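To start, the structure itself, in structure tokens.
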Amino acid sequence: MVQLAHEAGARVIGSGRTDHKDTVLDLGASTFLDLQQDRLEEVGEVDVVFDVIGGEVLRRSARLMRPGGALITIAEPPQVQPEHGRAIFFVVEPDRAGLVALEHRLRDGRLRPIVGAVCSLAEAPSAFGPGRRTRGKTVVAIADAN
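Residue 53 is where the sequence shown starts when you use the working numbering, and the numbers rise one by one after that.
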């Protein structure tokens, strides 16, 4: 999301754990908030929040909306409505044209995938188990690459 927003010309404020800072800034964020040390409220008002965490972060983010802003979350249906904007629960729907556009961005280098781990199909249940964290996406290898 950081890369797509940056490519579209947005000023991106990324957030996460301390060990994510360099990656988030490298992907195009102009500012990084450490969710363990910084306060979201220090950002001021924003036009859009794209939330992947939910819970308390989602509730606090709702207070950051400028008039007409959008709080978009993929984590959970929002239990809060921003005073000055709207909350949207976003569910990804397969879209061939959208996937082709992403493929073109990958192939020409405008979009850089972050792969955190590669596992076999047999290892997949534990790779996605509770408490398992990795920087980037986990790829499940279905067939041997050789």
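Built from N, CA and C at the ideal position, the CB exists for glycine as well.
Values in this document were obtained by computation on a predicted structure and should not be read as measured data.
Residue burial annotation: Asp-103 is buried, with at least 16 other C-beta atoms found within 10 angstroms of its C-beta. Taking the C-beta atoms as reference points, Ile-124 is found nearer than 9 Å to Val-101. Burial is judged here by how many other beta carbons sit within 10 angstroms of a residue's own beta carbon; Ala-81 has at least 16 and is buried.
The continuous alpha helix (DSSP H) containing Gly-150 extends over residues 148 to 159. Around the beta-carbon of Pro-146, fewer than 16 other beta-carbon atoms lie within 10 Å, marking it exposed.
The residues Val-54, Ala-57, His-58, Gly-80, Ala-81 and Ser-82, in chain order, have a CB closer than 7 Å to that of Val-64 in the same chain once the five nearest residues on each side in sequence are set aside. Per the DSSP secondary-structure output, Gly-121 pairs in a beta bridge with Gly-137. Around Phe-142, the same chain offers Ile-124 and Ile-126 as residues with beta carbons nearer than 6 Å, after the five sequence neighbours per side are excluded. Residue pairing by DSSP puts Val-98 in a beta bridge opposite Met-117. Minimum Cα-Cα distance from Leu-110 among the listed residues Glu-175, Val-132, Val-98 and Arg-91 corresponds to Val-132.
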